[in-house]
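Just so we're on the same page, the working numbering is the position in the sequence shown counted from 1, plus 50. Positions of the beta carbon are idealized from the N, C-alpha and C atoms, including for glycine. Treat the numbers as computed from the prediction; the structure is a model and nothing was measured. Comments concern the structure below.
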Amino acid sequence: AIEAHASTTKVTLAGVLKNLNRSADQGGLAPQAYCLNSWFRWNAGDRDVAYWYPQGTSGSATGVPGVGQYNGRYVVLVSWYHKPDKDPSTSVNKGVRLSVADITTLSATKYRHVLLVEPTGTAGYKPIKIHAGGVAWYKGWLYVADTSNGLRVFDMDRLIQVQTGDKDAVGLVASKNQYHAFGYRYVLPQLNRYSLCAKSCCARFSFVSVDLTSTPHSLITGEYSAGNFKGRLMRWPLDPVSGKLATRGGVVVSSAAYFPGVKNMQGGAAVGSRLWVSSGADTGIYKASLHTALVGQAIKAYGYARGPEDLHYSPGSTNLWSNTEFPGSRYVLSVKASKL
């Protein structure tokens with residue numbers, strides 16, 4: 051019903067990529083990270099804003115497996131969550147937005163923010179008020195980490211263009227008979243979700259990534275734990291045909307769990323039998339750390355950029371991507387995993 055309304059237009063990701071409205075750059079100081087490969091920073095407003103915080107990282111390397119490009123473009127996705135207590139313009143929680151960035155020419159990166167929304171079942175939608183600490187794009191589906199609950203699922207080719215001009219309105223504005231999204235031109239509606247069942251263990255979903263090196267392909271989720279070393283990584287098998295999580299008897303069962311013994315885990319990825327973990331722990335020289343080890347062997351830590359978040363691995367390039375969250379020092383960066 052929303053898609054059919056006179057004030058909206060159905061669009062695909064390709065349509066959004068043709069209408070990017072913000073420019074990133076490579077000015078200022080480069081992020082401090084051992085074996086830094088590439089990077090860009092958001093525009094001045096997004097670099098410094100105190101009430102939107104970037105978190106999840108993914109891209110076309112896993113969104114289009116084996117190709118690595120979407121419609122011939124290299125794309126990076128980054129999720130942000132809203133902090134209404136830091137926003138002087140409103141007390142309303144605007145939920146989560148997704149940056150769609152075309153990095154085909156990294157020095158000329160352009161991007162656009164899209165609002166993630168949850169349909170209400172009454173031809174309306176509402177903001178999704180979660181941390182969105184991780185995103186994973188696989189075969190058209192976008193998986194978004196919902197910390198205490200599981201994963202929310204979106205279709206990257208089922209976006210909706212809505213009306214702009216009202217930064218305070220979301221959903222159908224009856225007086226105008228128009229759909230709005232806090233001034234954003236596009237919304238990406240949630241289509242489904244995976245939730246912890248009554249008998250499941252107390253897993254948390256702080257971040258998520260795609261592993262294209264496993265058979266079958268899988269999602270890697272993990273747990274942020276500031277006060278101890280007990281955070282786990284968990285592997286969830288994917289159906290290679292549908293791109294959805296593989297089910298057994300109507301439920302999804304984790305195929306493996308790992309205990310890296312790392313505090314402040316912010317992101318995790320798997321490459322064959324090698325695990326990668328980003329952490330906010332200070333190494334003394336660098337303000338954060340990137341940890342790696344083969345399963346069952348000792349972990350080694352490298353210096354990493356301050357405020358690291360979710361990880362995204364590209365098998366074709368061996369680039370390991372992340373983003374950093376703190377105002378004034380926000381980058382999207384990659385290191386060459388094959389050199390570490």
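- Excluding the 5 residues flanking it on each side, residue 386 has same chain C-beta neighbours closer than 7 Å at 85, 87, 368, 369, in chain order.
- The region 61-77 and the region 201-218 touch, with no fewer than 3 CB-CB distances between them shorter than 8 Å.
- Look at the region 87-115 and you find these whole runs of alpha helix (DSSP H), each 4 residues long or longer: 94-98, 110-113.
- In this structure, the beta-carbon distance from residue 290 to residue 232 does not fall below 9 Å.
- Contact annotation: the region 352-363 touches the region 179-186, with at least three C-beta pairs closer than 8 Å.
- One thing to note: residue 112 has its Cβ within 9 Å of the Cβ of residue 364.
- CA-CA distance, residue 239 to residue 348, rounds to 42 Å.
- For residue 66, the enclosing alpha helix (DSSP H) starts and ends at 63-67.
- As summarised for the region 157-193, the continuous beta strand (DSSP E) elements at least 3 residues long and confined to that stretch are 160-169, 175-177, 185-188, given in chain order.
- Segment contact: the region 246-254 against the region 209-229, fewer than three CB-CB distances shorter than 8 Å; contact not assigned.
- Taking 3 residues as the minimum length, the beta strand (DSSP E) runs contained wholly in the region 178-265 are 185-188, 191-196, 200-205, 209-211, 220-223, 228-231, 236-245, 257-261, in order along the chain.
- Within its own chain, the residues whose Cβ lies closer than 7 Å to the Cβ of residue 389, once the five positions on either side in sequence are excluded, are 85, listed in chain order.
- Per the C-alpha coordinates, the member of 234, 219, 201 positioned closest to residue 256 is 201.
- According to DSSP, residue 298 shares a beta bridge with 301.
- The beta carbons of residue 323 and residue 340 sit no closer together than 9 Å.
- Distance from the CA atom of residue 163 to the CA atom of residue 126, rounded to whole angstroms, is 12 Å.
- In the three-state reduction of the DSSP assignment, residue 74 falls in the coil class.
- A check of alpha carbon separations from residue 346 across 309, 57, 332, 234 identifies 309 as the nearest.
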